[in-house]
Each structure stands twice: as C-alpha cells, then as structure tokens.
Amino acid sequence: MNDYRQALPDEVLMAVEKPARYTGGEINSVIKDKDKVDIRFAMCFPDVYEIGMSYLGIQILYTMFNARDDIWCERAYSPWPDLHRIMKERNIPLFALESQDPLKCFDFLGITLQYEMCYTNVLQILDLSGIPLHAEERGEDDPIVIGGGPCVFNPEPIADFFDIFYIGEGETVYYDLMDAYKANKAAGGSRLDFLKAAAGIEGMYIPQFYEAAYNGDGTLASFGPKEEYKSIAPEKVRKQTTADMDQAIYPEKPVIPYVQVTQDRAVLEIQRGCIRGCRFCQAGMIYRPFRIKSLDTLKNYSKYLIDNTGYDEISLSSLSSSDYPFLGEYLDFLIEEMGERKVNISLPSLRIDEFSLDVMNKVQDVKKSSLTFAPEAGTQRMRDVINKGLTEEDIINGATLAFKGGWQKVKLYFMLGLPTETEEDIQGIADLAELIAETFYDTVPKEKRTGKVQITVSTSFFIPKPFTPFQYATMYKPEVYLEKAAALNAAIKGCLNQRAIRYIWHDAKTSVVEGLLARGDRRLCSVVENVYRNGGIFDAWTETFDYDRWMRACEEEGADLDFYIYRGRGLDELLPWEFIDAGVTSEFMKREWKKAQEETVTPNCRDACSGCGAASYGCGICKADRSQFKTPTGHCY
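Add 147 to the 1-based position in the sequence shown for the numbering used here, that's all there is to it.
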C-alpha cells in the first residue's frame with residue numbers, strides 16, 4: 148500500500164523559495180500502488196522545477212512508462228541552492244514528487260541531459276540521493292542510472308557517472324529495456340547481468356564496458372569495448388529513431404504545475420527533425436530524418452490537450468514550424484475550434500516569409516508581439532558558410548511584409564566567432580540591423596506609425612557541437628569573444644538609427660565552458676566532479692556560474708584548455724563520439740566542412756537529397772513515397 152508522507156517538514160517548506168516545487172500532487176500526476184508494480188522509474192531533470200516542467204521529453208516518457216501497469220514513473224528535479232543546503236545539513240535524501248520516496252529506493256534513475264551546463268547538477272542529484280557518483284562503485288541495491296537527451300551524442304565527459312546511456316528517441320526500445328530488467332530480476336541475475344543484457348539492445352551504451360587509448364599528443368588513438376565485453380557490446384551504438392510519429396505515444400494529459408513555469412502552456416509537437424542543413428546546428432542533424440504528424444493526429448491531440456489542461460494557449464513545437472506541410476490547414480482548424488474558447492496559438496521557429504507572416508496575421512490579429520528573425524550571420528558570404536539558406540533579399544522582404552502587417556518590434560539573432568568570420572562579417576550585422584530599421588521608415592507612412600521601430604540584436608558565441616559539420620572548428624578565448632562583441636557594439640552605435648537598435652550578447656565565459664564539455668572526452672569526468680565538490684551547481688544560471696572554479700578544476704585535473712577548446716580538429720582525428728552511429732555519416736560531415744570553407748551552399752532536403760546517411764532509417768522525408776510532404780505552395784519534399 149502507499150504510505151504517503153511529505154518528504155520535507157513544514158518548517159523546511161516555509162524556509163525555501165517556491166515550496167510548491169517540492170510538494171507534488173499536481174493535476175494529472177500519476178499515483179499508483181507501489182506494492183503492485185514491478186519497476187519504479189524516477190525521471191529526473193537536472194535543473195530547477197520550472198525549467199524541467201517545461202520540457203516535453205519528460206512528459207512523453209512519463210506518459211509512456213505509466214501506460215504500463217507494471218511500471219510507476221515519477222518525477223524529480225534539482226533542488227534550488229536554498230533547499231540544497233538544508234538537505235545537506237539535515238541529511239534529507241532527494242525524493243520523487245509523486246510518492247515523496249527517496250530516489251535511492253527506485254529501480255531506475257533516468258536523467259535527461261538537455262545542455263552541457265547541467266552536468267554538475269547531475270552529481271548534485273546523485274549525491275543528495277545517496278547514490279555513489281561513480282557507476283562502478285554502485286551496489287546491487289542502487290538504482291540503474293540512465294542518461295538520455297541530446298547531450299548523450301557525446302556522453303564521454305560524464306561517462307563515469309552513468310550505468311547506461313540511451314542514444315536517441317525514447318519511444319523506441321525503452322520497453323525492451325524494462326522487459327530485460329524484469330527478466331533478469333526474475334532469474335535472480337545481478338546488476339552486471341542486467342547491464343550485459345542491456346548492451347544487446349540497440350541504442351544502449353554501457354560506458355564501463357568500453358575503454359579509450361590515447362596518442363602522445365593527447366588525441367584519441369582508439370575507443371571500443373574492453374576485451375571481456377567484445378562479444379556483447381557493439382563497436383558502434385546506433386541512434387534510435389521513431390519511424391511513425393502518428394503511432395508514437397504522446398501525453399494527452401500532461402502534468403499541470405502549481406507554480407508558473409518557463410513554458411506555461413500546452414505544447415504540441417507537430418514534427419521532428421529539420422529539412423534545413425545549418426552547419427552549426429546539432430538538433431538539425433541528430434534528429435534527422437524529418438518526420439511529421441498527420442493533420443488528423445494533430446487535430447485530435449489539440450482537443451485532448453486543451454480539454455485536459457485548462458490552458459488558454461497552445462504552442463506548436465518543432466525546429467522549423469514553417470516547414471510543416473499542412474500548417475495553414477491546421478491553423479484554420481485551431482482558429483475555428485479554439486477561437487470561441489479564447490485559446491491563443493504560439494508559433495515559434497517560423498521562417499520570415501510571406502506564408503509565415505500570413506499565418507502569424509491569423510493568430511495575432513489584434514496585438515502584434517515581437518517578430519523574431521534568425522539570420523545568424525550579417526553577410527551573405529557568412530550565411531553561405533553556415534548554409535543558412537537565407538538571402539538579404541529574403542530578410543528585407545520579410546521585414547517589409549512584417550512592417551506592413553503592423554509589427555514594429557523585431558528581434559534578430561546572430562552568432563559571433565563562426566568559422567572564417569572576418570571584421571566585415573561583424574560589421575555586416577550592424578549594417579543589416581540598420582537596413583531593417585530603414586525598411587520600416589520606408590515602408591510605414593508617418594501617419595500610420597504608432598511608435599518607433601524597435602530592433603533588438605542578440606548575439607551568442609559560436610560553440611562547435613558533435614555531429615555537426617562545424618565539429619572540427621576552433622573556439623576563441625573569452626577576451627577575443629568580448630572584443631568581437633565590443634566591435635559590433637561600436638558598429639551599432641555608429642548606425643544612423645542607433646536609437647532604434649538595442650544590442651545584447653551572451654556571456655563569453657559560459658560559452659567557453661560549454662565548448663569544453665561539448666567536445667571533451669572521458670578524462671573530463673574528473674573536472675566535472677572537481678567543480679561539483681567545490682560547490683558548483685546550476686552552472687547554466689548566471690548568478691551561480693563561477694568561471695574561475697572551472698578554470699581551477701581544469702588546472703588541478705590536468706585538462707589542457709588549448710587542447711580541448713582552442714584548437715581545431717583534424718579531419719583524420721578520431722573524435723570521442725565517433726563510436727555513436729547518429730544516422731549522419733562522418734563522410735557527410737567532412738564534405739560539409741569542406742563546402743563551408745568554399746562558401747558553397749547545400750540544398751535543403753526538400754530540394755535535393757544531400758546523402759547525409761539518414762535515409763538508412765527509411766522513414767519520413769527519406770522514404771520512397773514523399774507525397775505527404777507537399778508544402779502549402781505545392782512543392783514536394
């Protein structure tokens with residue numbers, strides 16, 4: 148029977164910020180009798196509750212696991228530093244929200260890895276749970292710690308802390324893994340026996356079964372299964388991909404938080420993957436091939452989500468919403484179906500073209516919020532280098548249509564420090580912002596203006612990510628990044644319309660640490676542990692990030708920053724993540740890297756197949772019958 152109790156005493160809840168983060172009991176949360184299930188799975192997001200509750204992936208897996216009578220999946224999140232201190236002082240173990248039971252009591256602890264700067268929070272979760280940090284130190288009574296999410300496409304900097312990494316999309320073989328666990332348990336098998344069985348399931352990577360050897364210069368000489376595991380652990384671990392998006396499990400009754408979270412709305416995934424081939428974009432590569440949900444499926448889920456949540460806004464989730472072939476028809480349905488219920492429609496990730504602006508006019512016919520453009524680069528040469536597939540004419544035409552449509556606020560996103568970047572490319576960002584401001588004044592007559600045009604230029608610093616053509620690129624030191632930002636700031640201040648343009652930039656030091664972790668190898672595990680043991684948590688947050696702590700840890704653990712961050716990778720170098728088959732081949736990456744140097748554009752998947760390797764999955768845009776991928780303008784993907 149369930150013996151529910153609140154894990155935190157009232158005096159603790161009253162002493163911390165936002166106690167509702169920790170009490171559970173939310174609408175649509177699942178409660179089961181723990182004595183009547185075979186497997187207890189704690190799904191954990193290594194960041195604060197408000198961030199984790201906004202993440203769709205956990206809601207999908209939560210629904211999928213709890214659909215089985217023999218599994219109870221619960222949720223856990225990183226305690227904010229105020230509660231972290233109290234839990235350490237009072238020796239209170241970290242717990243799951245639904246049952247309030249300690250995580251150490253569970254069979255599995257699943258941790259989603261959405262961004263590298265959460266790595267110290269992974270150790271926080273293990274430490275507060277009383278689970279040994281190192282996988283090889285765990286005993287038979289400790290949970291199996293499994294990691295998933297985009298960061299597992301290079302899991303090596305945190306490999307020591309996980310028993311298993313699930314490579315790819317969770318809807319495919321998680322049930323197989325659970326069945327293997329039940330079978331091993333029934334047979335009286337050990338923890339090691341289960342890990343051996345897991346290694347035989349496609350997509351499962353067991354770090355302790357593998358070993359690395361290094362060259363004299365520190366580069367990787369070889370990586371593969373240890374001798375005793377060669378018969379069970381694959382040389383290449385293949386990414387798992389959901390072939391049929393209509394059949395994939397999706398939450399009809401997502402858990403509704405009691406506190407306001409980052410994405411406080413119903414979220415509906417309309418497609419997965421991207422037809423665009425931006426050379427810096429990891430998501431666009433690792434989520435290939437491009438797959439859509441049918442119009443009927445989306446209509447049904449729209450009704451379920453609004454009926455079961457009470458939200459007054461629905462957000463359409465994808466990497467590029469404009470590329471959904473039935474977007475116009477679907478929005479007509481939403482407007483007709485949801486209009487009377489006063490449900491707003493949010494459309495992130497739109498390309499700024501005539502069709503997209505027509506779509507936005509439908510959903511924002513009264514109040515015009517900010518429009519977001521993501522040119523990424525200021526000159527056509529640089530946009531060709533990154534394969535953005537966007538011309539200055541496209542951008543200005545989009546701005547003209549937007550201003551005619553009544554928008555006056557524009558956000559522009561760019562990157563600094565891209566491969567082959569020159570001073571002219573930095574100046575080009577200011578020139579483009581100025582040109583858009585001029586377009587407003589040329590387009591909108593003075594008598595029709597309700598105020599000044601407001602343009603916000605935002606820059607992040609380029610970080611090379613695994614499984615992108617730019618994985619071979621170098622990074623710059625923080626002071627160089629800041630020099631680039633200063634040069635752009637000066638250029639913007641020199642614009643004729645400078646008062647209409649605001650400039651903000653990302654933190655350079657955070658970018659450098661993220662770059663360290665993105666392309667690091669297993670030797671960085673000691674650096675992550677050093678940072679955590681010296682007080683590092685919530686490194687994704689400006690107020691808690693400490694750059695000097697990371698630099699001290701690198702020095703103490705012998706991690707050479709010039710080696711890990713400030714050098715390019717040779718095309719013949721064995722990279723730490725190359726044991727993963729992500730669907731896109733290394734030959735494609737190298738080919739695209741060379742084309743970037745030549746400033747040559749590769750067409751998107753709608754116009755031509757680039758031979759990236761994703762066709763091996765035989766689904767979505769890569770399958771033979773592509774008639775379902777017609778666009779609103781009649782083009783066929």
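All residues carry an ideal CB built from backbone N, CA and C; glycine is no exception. All of these numbers come straight from a predicted model, not from anything done at the bench.
Could you have a look at residue i and say whether DSSP puts it in helix, strand or coil?
| i | result |
| --- | --- |
| Met190 | strand |
| Val659 | helix |
| Lys556 | strand |
| Cys220 | strand |
| Ile403 | strand |
| Ser496 | coil |
| Thr319 | coil |
| Val674 | helix |
| Thr519 | strand |
| Pro290 | coil |
| Gly545 | helix |
| Glu581 | helix |
| Glu416 | strand |
| Tyr477 | helix |
| Val384 | strand |
| Ser276 | helix |
| Ile207 | helix |
| Gly431 | helix |
| Tyr313 | strand |
| Val600 | coil |
| Thr586 | helix |
| Met529 | helix |
| Ser607 | strand |
| Ile461 | strand |
| Gly486 | helix |
| Ile422 | coil |
| Leu466 | coil |
Looking only at its own chain, which residues have a Cβ that is under 6 Å from the Cβ of residue i, when we skip the five neighbours before and after it?
| i | result |
| --- | --- |
| Cys769 | Pro436, Ala761, Ala762 |
| Tyr560 | Ala521, Ser605 |
| Tyr451 | Glu399 |
| Ala167 | Tyr405, Val406 |
| Gly662 | Ile610, Met622, Ile712 |
| Val660 | Trp697 |
| Gln261 | Gly296 |
| Met351 | Ile311, Ala345 |
| Leu230 | Val163 |
| Thr456 | Ile403, Ala413 |
| Pro372 | Phe356, Tyr357, Ala380 |
| Leu160 | Pro166 |
| Gly767 | Pro436, Phe437, Arg438 |
How many whole angstroms separate the CB atoms of residue i and residue j, which I take to be in contact at a CB cut-off of 8 Å?
| i | j | result |
| --- | --- | --- |
| Pro616 | Met736 | 5 Å |
| Arg419 | Ile453 | Not a contact, Cβ separation roughly 22 Å. |
| Ala162 | Ile233 | 7 Å |
| Phe309 | Pro354 | 6 Å |
| Val600 | Thr567 | Contact doesn't hold; Cβ gap of about 32 Å is too wide. |
| Cys759 | Thr732 | 7 Å |
Within the same chain, show all residues whose beta-carbon is closer than 7 Å to that of residue i, passing over the 5 residues directly before and after it, in chain order.
| i | result |
| --- | --- |
| Glu676 | Leu270, Leu280 |
| Met325 | Ile186, Ile218 |
| Asp89 | What the structure shows of the chain is the stretch from 148 to 784, and residue 89 is not part of that stretch, so it cannot be assessed. |
| Met148 | Because the pLDDT at Met148 is just 48, under 50, the model does not fix this residue reliably, and the point stays unresolved. |
| Gly91 | This structure cannot speak to residue 91, because the chain is shown only from 148 to 784. |
| Thr214 | Inspection of the sequence shows that residue 214 is occupied by Ala rather than by Thr. The answer, listed in chain order, is Ile396. |
| Thr409 | Glu197, Ile198, Ser201 |
| Glu476 | Leu442 |
Got a sec? Which residues, its chain only, sit under 8 Å from residue i by beta carbon, not counting five neighbours each side?
| i | result |
| --- | --- |
| Arg152 | Gln247 |
| Gln527 | Thr538, Glu539 |
| Val184 | Asp216, Asp217, Ile218, Trp219 |
| Ala665 | Glu263, Asn301, Ile610, Pro611, Lys612, Pro613 |
| Lys235 | Leu275 |
**Prompt:** For the 8 Å Cβ check, are there 3 or more pairs between the region 281-289 and the region 204-215?
**Reply:** no
**Asked** Contact between the region 636-656 and the region 755-766: three or more CB pairs below 8 Å?
**Response** no
**Asked** Is it true that the region 376-393 meets the region 312-321, where meeting means three or more beta-carbon pairs spaced less than 8 Å apart?
**Response** yes
**Message:** For the pair the region 289-297 and the region 216-236, tell me if three or more CB-CB distances fall below 8 Å.
**Reply:** no
**Prompt:** Do the region 426-446 and the region 729-745 make contact, defined as three or more Cβ pairs closer than 8 Å?
**Reply:** yes
**Request:** Let me know the alpha helix (DSSP H) ranges lying completely inside the region 617-654, each 4 residues or longer, listed in chain order.
**Result:** 625-640
**Asked** Do three or more CB pairs link the region 712-728 to the region 542-554 at distances below 8 Å?
**Response** no
**Prompt:** What are the complete alpha helix (DSSP H) segments, minimum 4 residues, inside the region 672-746?
**Reply:** 672-680, 694-704, 708-711, 733-744
**the region 592-599 contacting the region 675-690, beta-carbon criterion three pairs below 8 Å** = no
**Item:** Contained alpha helix (DSSP H) runs [length at least 4] in the region 334-400, N- to C-terminal order
**Value:** 338-346
**Prompt:** Which ranges would you report for the beta strand (DSSP E) in the region 223-277 if only whole runs of at least 3 residues count?
**Reply:** 255-259
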